[in-house]
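For the sequence shown, my numbering begins at 407 and goes up steadily by one.
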Amino acid sequence: MRSGIIFGTAAMIDGLCERMEAELGEGPCFTVATGGLAADIVPVCKRDIVFNGELVLEGLRLVFEKNRKPKTP
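What follows is the structure, encoded as structure tokens:
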């Protein structure tokens with residue numbers, strides 16, 4: 407059952423990227439995967455996909471730093 411979920415999701419990702427590329431007509435799209443089962447799904451995808459398991463946390467840190475008030479002496 408798990409392998410069906412992983413291979414099915416990989417096929418959906420590949421298909422979605424192919425459709426986007428065909429509609430936009432601008433060549434291969436840059437794809438990033440993060441979180442959940444992404445580490446298991448990316449290796450079975452047919453296309454090159456960058457995996458970053460910390461992407462969401464990095465983004466939250468950047469938002470925090472941007473909105474943090476400076477320390478007052």
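Ideal placement from N, C-alpha and C gives every residue a C-beta, glycine not left out.
Predicted model, so just to flag it, every value in this text is computed and none were measured.
- Taking the Cα of E460 as reference, the smallest distance to any Cα among R408, R474, A444, V450 is reached at A444.
- Contact annotation: I447 and I412 have beta-carbon atoms nearer than 7 Å.
- The C-alpha of I419 lies about 11 Å from the C-alpha of V450.
- For G431, the closest C-alpha among the options C423, V438, T478 is that of C423.
- In summary, A417 is exposed, with fewer than 16 beta-carbon neighbours lying within 10 Å of its beta-carbon over all protein chains present.
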